[in-house]
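Step one of this worksheet: look at the structure below.
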């Protein structure tokens, strides 16, 4: 694999398995958007990226560039878009899983999420399930977990986040 340097707006090809590739767009580091488009060989020459639907956008660690990204996709583009609402998990001091629940926050990618203003506090599965399902957590994704989530999506059509399910106690 080639060494890929982060450049906002660039598209990259990711190898998830021997016969499964997808692509992503690098936004303001470390945010990366993933799309509902895959292929078996990583050849994107005939693909119209402008028509592809976003699956999700998450924060990714450097390991994702090292382990999953095979190359930048040259000569192709899609309009960058940054989702401004995210879920910031709350610390759990009651024992068990270290995070429990979260707040909906408005994130500026140039500033980060730590001090992001709260839009809706203390999200509840009963009251706010639609919001919980719609927005991503601000946790950092590694190569293995991200690859598993994307493979699961392309094999089942279901965009599930096992970490979010643990944070909110959602039983699937």
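Residue numbers (my numbering): 2 to 173. A virtual CB, placed ideally from N, CA and C, is assigned to each residue, including glycine.
Quiz item: DSSP three-state call for residue 171: helix, strand or coil?
Solution: Residue 171 falls in the coil class under three-state DSSP.
Exercise. Quick one: give me the first and last residue of the beta strand (DSSP E) that residue 91 is part of.
Key: In this chain, the beta strand (DSSP E) harbouring residue 91 covers 86–92.
Quiz item: Going by beta carbon distance, what residues of the same chain come within less than 7 Å of residue 68, once the five residues before and after it are set aside?
Solution: Counting only Cβ-Cβ distances below 7 Å, and skipping sequence neighbours, we find 144.
Quiz prompt | Alpha-carbon spacing of residue 161 relative to residue 154, whole angstroms | solution = Here the C-alpha atom of residue 161 lies approximately 7 Å from the C-alpha atom of residue 154.
Quiz item: Is the beta carbon of residue 65 sitting closer than 7 Å to the one on residue 12?
Solution: No, they are not a contact pair.
Quiz item: Can at least three beta-carbon pairs, one atom from the segment 34–49 and one from the segment 87–97, be found at a separation below 8 Å?
Solution: A contact is defined here as three or more CB-CB pairs under 8 Å, and the segment 34–49 fails this definition with respect to the segment 87–97.
Self-check item: Simplified DSSP assignment, three categories, for residue 14
Solution: Three-state result, residue 14: strand.
Quiz prompt | Given 8 Å, three or more beta-carbon pairs between the segment 119–131 and the segment 99–109 | solution = The segment 119–131 vs the segment 99–109: in contact.
Quiz prompt | Candidates 7, 132, 75 and 74: closest to residue 60 by CA position | solution = Nearest option by C-alpha distance: 7.
Self-check item: Endpoints, the beta strand (DSSP E) within which residue 61 is located
Solution: Here the beta strand (DSSP E) through residue 61 covers 55–61.
Exercise. Would you tell me roughly how many angstroms separate the C-alpha atoms of residue 17 and residue 117, rounded to the nearest one?
Key: Each residue's alpha carbon lies about 32 Å from the other.
Practice problem: Return the CA-CA distance between residue 138 and residue 96, expressed in angstroms with no decimal places. | Solution: Each residue's Cα considered, the two are about 21 Å apart.
Exercise. Drop a sphere of 10 angstroms on the beta-carbon of residue 108, count the other beta-carbons inside from all chains shown, and report buried for 16 or more, exposed for fewer.
Key: Around the CB of residue 108, 16 or more other CB atoms lie within 10 Å, so the residue is classed as buried.
Self-check item: Whole-number beta carbon distance between residue 43 and residue 14, since they are thought to touch under 8 Å
Solution: Yes, residue 14 and residue 43 are in contact; Cβ-Cβ is about 5 Å, under 8 Å.
Quiz prompt | Start-to-end residues for the alpha helix (DSSP H) that takes in residue 144 | solution = That run of the alpha helix (DSSP H) goes 144–157.
Exercise. Whole angstroms is fine: what's the gap from residue 72's alpha carbon to residue 57's?
Key: Our two residues, residue 72 and residue 57, have alpha carbons roughly 20 Å apart in a direct line.
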